[in-house]
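Residue numbers (UniProt numbering): 1 to 333.
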Amino acid sequence: MEKEVKNLFNEQILEESASRFGIDTSTLNLLGSFQNYVYEYKRQNKSYILRLTHSSHRKEDLVKGELDWILYLVNNGVSASRPVYSIHGKLTEKIDIDDSYFIATSFEKAEGKKIGYPECLSNDELFEECGRATGKIHFLSKKYRPSSKEIQRHEWRENYYLKNIKKYIPDDQHKVYESYESIVNRINQLNKESDSFGLIHGDINVGNFLLSDKVINIFDFDECQYSWFVEDIAIQLFYIIYVFLDDSIEERQAQTYGFMENFMKGYYKENYIDEYWLKQIPIFLQLRELIVYIGLQRSVDFSNMNQWMENYISQSKLRIEQKIPIVNEIIKS
């Protein structure tokens with residue numbers, strides 16, 4: 001969370017937000033405050049989420065677009081956290097502060113248990129279910145139309161970190177900037193077809209879903225954007241293999257093969273994607289690594305890093321500068 005936003009946030013805003021959703025503030029429990037303030041609360045023994053988003057991160061129309069998208073998915077069978085209406089019958093509540101505002105939203109909390117590292121790394125059933133859930137989202141994305149043009153979500157180029165690269169990456173990292181230009185230009189040349197391009201989740205990873213009776217319950221659609229469907233696949237692959245960075249590239253490659261084989265088995269049960277697009281995954285792996293690198297420059301205390309983080313950042317910077325993805329081959333040739 002940016003310092004300016006933290007300075008604006010106060011108890012009055014929290015209390016006002018809670019009151020508009022009929023929430024007893026004594027039941028609120030802070031879960032996180034990285035890009036949004038996220039709280040859990042209970043009502044009649046059921047768990048819910050209250051999220052507060054500052055307008056510097058997302059304007060209200062973009063948040064409305066996110067909720068419109070989630071409702072469409074849930075109403076068509078996707079297991080995701082359903083938005084909750086306020087006491088005024090609204091999905092978003094705007095709380096003004098100076099010349100900006102916070103947007104309060106609420107959701108049913110996803111059911112199930114978290115599957116973290118290292119448990120997820122060899123869980124073929126989980127990979128298949130990830131593929132199935134992603135395939136269903138992409139299949140539905142082809143038919144989705146926002147309820148109004150004003151709330152349409154942004155395209156991939158408007159990603160916060162890509163837009164703010166100059167804010168977080170020092171000017172002397174010339175090769176990182178060169179790679180940024182190269183990646184963006186290459187992706188810009190790809191065709192936007194309805195079978196390959198649409199609204200995606202944009203951040204599916206083990207931190208953004210829970211597993212219940214072998215069904216993935218997805219949440220946190222804050223990064224949903226218009227992009228190529230393979231970006232959603234590349235993001236999941238990236239987070240499954242990046243923990244292998246201190247190991248050999250052979251181990252990363254083996255993890256890639258295992259993940260993709262099982263993921264695509266599930267994906268093809270819900271949606272078809274041409275193999276041409278799977279071959280584009282390496283460039284989207286580069287894009288994700290660049291976004292993560294910019295994010296780390298924003299949030300990491302470089303004077304107090306553990307060894308894993310220190311190794312990751314140095315290796316990541318080298319790969320970005322050399323314009324190589326975290327892994328080269330996606331499917332066994």
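Beta carbons: idealized from backbone N, C-alpha and C, even for Gly.
Pick helix, strand or coil for residue i, following the three-state DSSP scheme.
i           : result
residue 105 : strand
residue 47  : strand
residue 97  : strand
residue 227 : strand
residue 65  : helix
residue 197 : strand
residue 37  : strand
residue 54  : strand
residue 155 : strand
residue 32  : strand
residue 269 : coil
residue 42  : strand
residue 192 : coil
residue 136 : helix
residue 298 : helix
residue 303 : coil
residue 312 : helix
residue 167 : helix
residue 329 : coil
residue 123 : coil
residue 85  : coil
residue 21  : coil
residue 92  : coil
residue 118 : coil
residue 12  : helix
Measuring only the C-alpha atoms, how far is residue i from residue j?
i           : j           : result
residue 42  : residue 106 : 12 Å
residue 255 : residue 155 : 30 Å
residue 57  : residue 250 : 39 Å
residue 270 : residue 114 : 24 Å
residue 147 : residue 69  : 9 Å
residue 262 : residue 121 : 12 Å
residue 354 : residue 25  : Given that the chain is displayed from residue 1 to residue 333, the structure contains no residue 354 and the question cannot be resolved.
residue 38  : residue 333 : 44 Å
residue 238 : residue 232 : 10 Å
residue 139 : residue 304 : 44 Å
residue 292 : residue 96  : 31 Å
residue 150 : residue 252 : 43 Å
residue 94  : residue 104 : 6 Å
residue 264 : residue 128 : 7 Å
residue 85  : residue 206 : 27 Å
residue 82  : residue 225 : 18 Å
residue 323 : residue 137 : 30 Å
Assign residue i to one of two classes, buried (16 or more other C-beta atoms within 10 Å of its C-beta) or exposed (fewer than that).
i           : result
residue 66  : buried
residue 117 : exposed
residue 4   : exposed
residue 98  : exposed
residue 285 : buried
residue 52  : buried
residue 308 : exposed
residue 266 : buried
residue 194 : exposed
residue 20  : buried
residue 227 : buried
residue 283 : buried
residue 301 : exposed
With a threshold of 8 Å, establish whether the CB of residue i neighbours any heavy atom of the ligand PLP.
i           : result
residue 125 : Judged by which ligands are present, the structure shown has none, so any question about the ligand PLP falls away.
Kindly indicate which residue of the options has the alpha-carbon position closest to the one of residue i.
i           : options           : result
residue 310 : 296, 31, 322, 323 : 296
residue 184 : 332, 289, 54, 17  : 289
residue 15  : 181, 102, 34      : 102
residue 209 : 326, 33, 327, 110 : 110
residue 234 : 162, 45, 131, 79  : 131
residue 7   : 50, 28, 54, 49    : 54
residue 216 : 277, 224, 204     : 204
residue 91  : 11, 268, 60       : 60
residue 199 : 47, 48, 36, 72    : 72
residue 63  : 272, 299, 36      : 36
residue 22  : 34, 49, 192       : 49
Pull up the DSSP beta-bridge partners for residue i, would you.
i           : result
residue 218 : 80, 209
residue 113 : 211
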